[in-house]
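K.L.:
All letters in the sequence shown, in the order written, are residues 9 to 363 by the working numbering. One structure follows; several queries about it will come next.
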Amino acid sequence: IAGHPIWRLVQLQTSVDSFPSFPARARALKRMAPFADDVGFSHTYIFVDVDGVLNVGIRDRDDAPLLFNETNRNFALSKRDFRTLARSDEECVRKLLSLIDRALPMAQGKKGTYADLVCPHNTHISELLAGRLAEIVRAAGPNTSVVLSSNWRKPAHADRVRQLEAQVARHMGGDFAFAGRTEVLEEKCAADRLKCIGDFVEANCGPKGQWASRPVRLLLLEDFFITPMDGWWCGHRRIDTVAAAESYLLSRAPDTPIVAKLIHTYDEWRTDQGLRVQVGAGLSEHFVRDALSFLSRPSARDDATGLSDQMSLVSEKALMVARASSGRSFGAGTTANRVIAMVPWLSTYLPRKTH
């Protein structure tokens, strides 16, 4: 905006790559290793994006997103009559004004707005959201690695990362540092980010990884460059739901019993003038509740049975028939046997016969 040092996020928006059509949905669960009874998790990975997770950002066409901090907020409020603004600048101001008054999603009757998540002047991190990350990390327990998957992992942002680690440590009442980083590769779109996290999962949980064949949890805090789950492609997989992204990650280490949860911090709406507003929504309370619920499951078996969205290959009806049939004698051609033949690890979840 002319004459105003507008604050923007580190990431840069570009159009999403298009890939050839691929007819099949994710097949990760078909080959996923079964869980033993009452097995606890060997390890938990929390992948942390920063922009759009620990702050709120507004997508601004092909430019870097607008950071929602007090500097930008105050500027927008001072220009709400829109006089002396160029058309492109007016759009930025309208988006900021719309965000200020916008109610937080799924606030459960609370009167919160995005104004509650604003960053202080000249900073990139909301103190409130840093505290919420600390809450999630504490809930994950001791066998946890927090992995920086944000553009902030690049060497140019090392000072910012150290400040962020100190900020989270204050909320935790102890030391905190990122245990790892995804590989620094060029990322231009949501698919690039998901693939990069998948590469990390394969390296650490695949056949040659330190957690190969051992139960692992994956928690992603990610806005994917302020991108909706609207059918973009990651390799040959169409990502049109949160469950599809989770399934992709399972496919990267199919022989390891993994459960995955994506907290997609994305929101969008249209103003009264029809202007589309897309935001990296930050860790609103309902996102934190979802993350804590995922982390509260005490065993791998509990988590596997709880994440029904990740069983998209097996219809609920077929699973019910298999369970109903498993308690009595049946021949090789029955529905239960056909289902188990298609998805062998289903037998893990069927009741055992007693003699």
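Quick reminder that beta carbons are idealized off the backbone N, C-alpha and C, glycines included. Predicted model only: the values in this text are computed from it and were never measured.
Is I234 helix, strand or coil when you go by DSSP?
P.N.:
Residue 234 sits at position 226 when you count from the first residue of the sequence shown. Coil at I234, not helix or strand.
K.L.:
From the DSSP output, in three-state form, read off T121 for me.
P.N.:
Against the sequence shown, residue 121 aligns to sequence position 113. In this structure, T121 counts as strand in the three-state DSSP scheme.
K.L.:
Okay, do the segment 284-301 and the segment 237-248 touch, 3+ Cβ pairs below 8 angstroms being the bar?
P.N.:
As far as the Cβ criterion goes, the segment 284-301 does not touch the segment 237-248, which means the pair count is below three.
K.L.:
If contacts are defined as beta-carbon pairs under 8 angstroms, then G65 and L17 qualify, I think. What distance do you get, rounded to the angstrom?
P.N.:
By one-based count along the sequence shown, residue 65 stands at place 57. By one-based count along the sequence shown, residue 17 stands at place 9. So it is a contact: roughly 5 angstroms between Cβ atoms.
K.L.:
Please return the same chain residues whose Cβ sits closer than 7 angstroms to the Cβ of I133, not counting the five positions on each side in sequence.
P.N.:
As a first step, residue 133 must be located in the sequence shown, where it is residue number 125. Closer than 7 angstroms at the Cβ level, and outside the excluded window around I133, lie L62, N63, C127, L172, Q175.
K.L.:
Go ahead and label R91 buried or exposed: buried means 16 or more other beta carbons lie within 10 angstroms of its beta carbon, across all protein chains shown.
P.N.:
In the sequence shown, counting from the first residue as 1, residue 91 sits at position 83. With fewer than 16 other Cβ atoms within 10 Å, it is exposed.
K.L.:
Is G139 a contact residue of the ligand PLP, with contact defined as CB to any heavy atom under 7 angstroms?
P.N.:
Within the structure as shown, the ligand PLP is missing, as the structure has no ligands at all.
K.L.:
Rounding to the nearest angstrom, what Cα-Cα distance links L327 and Y53 in this structure?
P.N.:
For the purposes of this step, residue 327 is taken as residue 319 along the sequence shown, with counting starting at 1. For the purposes of this step, residue 53 is taken as residue 45 along the sequence shown, with counting starting at 1. Here L327 scores only 48 on pLDDT, less than 50, and its place in the model should not be relied on; the value that follows carries that caveat. Taking the straight line joining both Cα atoms gives about 30 angstroms.
K.L.:
Between the C-alpha atoms of H272 and R67, what's the straight-line distance to the nearest angstrom?
P.N.:
Mapped onto the sequence shown, residue 272 falls at position 264. Mapped onto the sequence shown, residue 67 falls at position 59. Looking at the two C-alpha atoms, the distance is approximately 15 angstroms.
K.L.:
Do you know how far the Cα of D275 is from the Cα of E98?
P.N.:
On the sequence shown, residue 98 is found 90 positions in, with the first residue counted as 1. On the sequence shown, residue 275 is found 267 positions in, with the first residue counted as 1. C-alpha separation (whole angstroms): 21 angstroms.
K.L.:
Less than 8 angstroms between C-beta atoms, sequence neighbours within five positions excluded: which residues of the same chain meet that for K203?
P.N.:
By 1-based counting over the sequence shown, the position of residue 203 is 195. Same-chain partners within the cutoff: C242, G243.
K.L.:
When the distance is taken between beta carbons, is P163 closer than 8 angstroms to P223?
P.N.:
In the sequence shown, the residue the question calls residue 223 occupies position 215. In the sequence shown, the residue the question calls residue 163 occupies position 155. No, these two residues do not count as a Cβ contact at 8 angstroms.
K.L.:
Between L300 and the rest of its own chain, which residues show a CB-CB distance below 8 angstroms, the 5 nearest in sequence each way excluded?
P.N.:
Within the sequence shown, residue 300 is the residue found at index 292, counting from 1. Counting only Cβ-Cβ distances below 8 angstroms, and skipping sequence neighbours, we find E143, I144, A147.
K.L.:
Hey, which unbroken runs of the alpha helix (DSSP H) at 4 residues or more fall wholly within the segment 134-183?
P.N.:
135-148, 166-180, all fully within the segment 134-183.
K.L.:
If we count Cβ pairs, one from each stretch, closer than 8 angstroms, do we get three or more for the segment 150-170 versus the segment 182-195?
P.N.:
With the cut-off at 8 angstroms, the segment 150-170 and the segment 182-195 touch.
K.L.:
Using CA coordinates, which residue listed in D167, E194, G139, E230 is at the minimum distance from G181?
P.N.:
The residue given as residue 181 occupies position 173 in the sequence shown. Nearest option by C-alpha distance: G139.
K.L.:
In whole angstroms, give me the CA-to-CA distance for E194 and S157.
P.N.:
The residue given as residue 194 occupies position 186 in the sequence shown. The residue given as residue 157 occupies position 149 in the sequence shown. So the two alpha carbons sit approximately 12 angstroms from each other.
K.L.:
Here's a check: name, in chain order, each residue in its chain whose Cβ is nearer than 8 angstroms to the Cβ of V169, leaving out the five neighbours to either side.
P.N.:
As a first step, residue 169 is located in the sequence shown; it is residue number 161 there, counting from the start. The answer, listed in chain order, is L156, W160, R161, F186.
K.L.:
Bridge partners of G188, per DSSP?
P.N.:
Your numbering for residue 188 matches position 180 in the sequence shown. DSSP lists V155 as partners of G188.
K.L.:
For V267, does the three-state DSSP call read helix, strand or coil?
P.N.:
For the purposes of this step, residue 267 is identified with residue 259 of the sequence shown, where counting begins at 1. V267 falls in the strand class under three-state DSSP.
K.L.:
Under 8 angstroms between the Cβ atoms of G48 and G290?
P.N.:
Sequence index remark: in the sequence shown, residue 48 carries index 40 (1-based). Sequence index remark: in the sequence shown, residue 290 carries index 282 (1-based). Not in contact: G48 and G290 (Cβ atoms no closer than 8 angstroms).
K.L.:
Comparing alpha-carbon positions, which option in S86, V58, W277, V267 lies nearest H165?
P.N.:
Stepping through the sequence shown from its first residue, residue 165 is reached at position 157. Closest by alpha carbon: V58.
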